[in-house]
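Quick note on the numbering used here: the sequence shown kicks off at 223 and runs consecutively. Just below is one structure, and these are the notes that go with it.
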Amino acid sequence: MIRFRFRVASVKFGRMSKKQREKVEDEVRFHRAQMRAQSDAAPDSSVFDTQTPSSSDQLHHGGYNGYAYNNEVGYGSPYGYSTSVTPQQTMGYDISADYVDSTTTYEPRSTIIDSDFISGHTEGDINDVLIKTLAEAHANTNHKLEIVHDMFRKSQDVTRIMYYKNMSQEELWLDCAEKLTAMIQQIIEFAKLIPGFMRLSQDDQILLLKTGSFELAIVRMSRLMDLSTNSVLYGDIMLPQEVFYTSDSFEMKLVACIFETAKSIAELKLTETELALYQSLVLLWPERNGVRGNTEIQRLFEMSMSAIRQEIEANHAPLKGDVTVLEILLNKIPTFR
């Protein structure tokens, strides 16, 4: 199981303090200590034996189900905006109670699903609203899929690949932390757009994001994977898995676990809408220890479950016997932890 306590999800909504930014070196050392203390086995994706699809297969199955892309993000990074800043400018997460504070505002739109809406509409109506809302939230907090696939088609930049391969262990971790920071910030924005999430207690919002953001980062990484080359879009370059290997056996195991999980999700050929719904399921997983409003979280989880079931049943046949894509996705969630 992946038990990489990256602690990145404890970002405050909005600006980070200078003190937080200065913690990046301590965070990197903390990550290494955590990994050395853990020796769990990599997750097993052998529940299905489908052939690894090619990049063209990924392009074919990556449709957005008719919802328009509206995100005005920069082209320098697949994580939503340019990451051409130093780690000291962006990194430095601290576990703090002001994760969501009085400066965090949220304006419910007409698509918000509240008790009045639920009581007056059918399950199908609720599913349609949730599907559209989450699909838009996903599109607005991710790089456009066509940009990602354009990067898949580019020739390998051997010089830059060697540059990353020759990075020191410390330099590589700091660079990874910078990229992950950008993705985590987009995940936070996505969470704020999940209907009902901002109505949860502040403590539950903190806990769900603190424990779930790294899991969502792996889910999002799956759309950046080129399965034909076993490479991932890293900033603006495709890097093979072995670039991230270091001499540390625990770090190598972590990299293998992350890639294996992301690849196993990519192999399911989920649409962008299905990925959006799956992220909602992962974040709202009701079995997280410490949540207080479990009844409300369970209700939101069940609504996302109904919506993703509708989408997957419409788009996917069982993969192996009567094992469905949704069952495989649900079985993966506990392995993230």
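Heads up, the beta-carbon is just placed ideally off N, CA and C, and yes, glycines get one too. Bear in mind that the values here come from a model prediction, so they are computed numbers and not experimental data.
| query | result |
| --- | --- |
| For P556, which residues of its own chain have a beta-carbon under 6 angstroms away from its beta-carbon, when the five flanking residues on both sides are left out? | none |
| Leaving out five residues on either side along the sequence, give the residues of the same chain with a beta carbon under 7 angstroms from the beta carbon of L446. | P300, V370, V454, L455 |
| Nearest to T493 by alpha carbon, out of A413, E535, T468, D544? | E535 |
| Please determine, among M420, V465, W395, the residue with the shortest C-alpha to C-alpha distance to V380. | V465 |
| Closest to T363 by C-alpha separation, out of C479, A399, I409, would be which residue? | I409 |
| Which residue's Cα is closest to the Cα of Y500: S444, S377, E518? | S444 |
| Going by DSSP in three states, K542 sits in which element: helix, strand or coil? | strand |
| Where do the ends of the beta strand (DSSP E) carrying S453 lie? | 453-456 |
| Going by Cα to Cα distance, which pick from L461, K414, L490, F419 is closest to V441? | L490 |
| Roughly how many angstroms separate the alpha carbons of F523 and E411, rounded to a whole number? | 18 angstroms |
| Cβ of N349 within 8 angstroms of Cβ of A529? | yes |
| What residue range does the beta strand (DSSP E) around M460 cover? | 459-462 |
| Going by Cα to Cα distance, which pick from L505, F481, G515, M460 is closest to R202? | Not covered by the structure: residue 202. The range shown for the chain is 223 to 559. |
| Looking only at DSSP bridge pairs, what is D448 linked to? | S453 |
| K414 by DSSP, collapsed to three states: which one? | helix |
| By alpha-carbon positions, which one of L449, Q532, M405, R514 ends up nearest to A488? | L449 |
| Taking the beta carbon of S306 as the centre, do at least 16 other beta carbons fall within 10 Å, making it buried, or is it exposed? | Per-residue confidence for S306 stands at a pLDDT of 37, beneath the threshold of 50, marking its modelled position as unreliable; no derived number is given. |
| Tell me the rounded alpha-carbon separation between L396 and A404. | 13 angstroms |
| Are the beta-carbon atoms belonging to A439 and L402 less than 8 angstroms from one another? | yes |
| Taking only the alpha-carbon atoms, compute the straight-line gap between M384 and A478 and give it to the nearest angstrom. | 20 angstroms |
| Return yes when the Cβ of L352 is within less than 8 angstroms of the Cβ of M525, no when it is not. | yes |
| Do you know how far the Cα of I519 is from the Cα of P508? | 6 angstroms |
| Using the Cβ count rule (16 or more neighbours within 10 Å means buried), how would you classify P417? | buried |
| From which residue to which residue does the alpha helix (DSSP H) around K366 run? | That residue, K366, is in no alpha helix (DSSP H); it is neither H nor E in DSSP. |
| Could you tell me the alpha carbon to alpha carbon distance between L541 and L552, rounded to whole angstroms? | 14 angstroms |
| Taking buried to mean at least 16 other C-beta atoms within 10 Å of its own C-beta, is V547 buried or exposed? | buried |
| Within a Cβ cutoff of 6 angstroms, which residues of the same chain sit near F419, ignoring the five residues on either side of it in sequence? | A413 |
| State the DSSP-derived secondary structure class of V513, mapped to helix, strand or coil. | coil |
| Does the distance from the C-beta atom of V504 to that of G457 stay below 8 angstroms? | no |
| Is it buried or exposed for D426, if we count other Cβ within 10 angstroms and need 16 for buried? | buried |
| What whole-angstrom Cβ distance do S423 and R514 have, given they're in contact under 8 angstroms? | 6 angstroms |
| Give me the Cα-Cα distance between K511 and L429, rounded to the nearest whole angstrom. | A small correction: the amino acid at residue 511 is Asn; Lys does not occupy that position in the sequence shown. Their backbone Cα atoms lie some 9 angstroms apart in a straight line. |
| Where do the N-terminal and C-terminal ends of the alpha helix (DSSP H) with K600 fall, by residue? | No statement about residue 600 is possible, as the shown extent of the chain runs from 223 to 559 and does not include it. |
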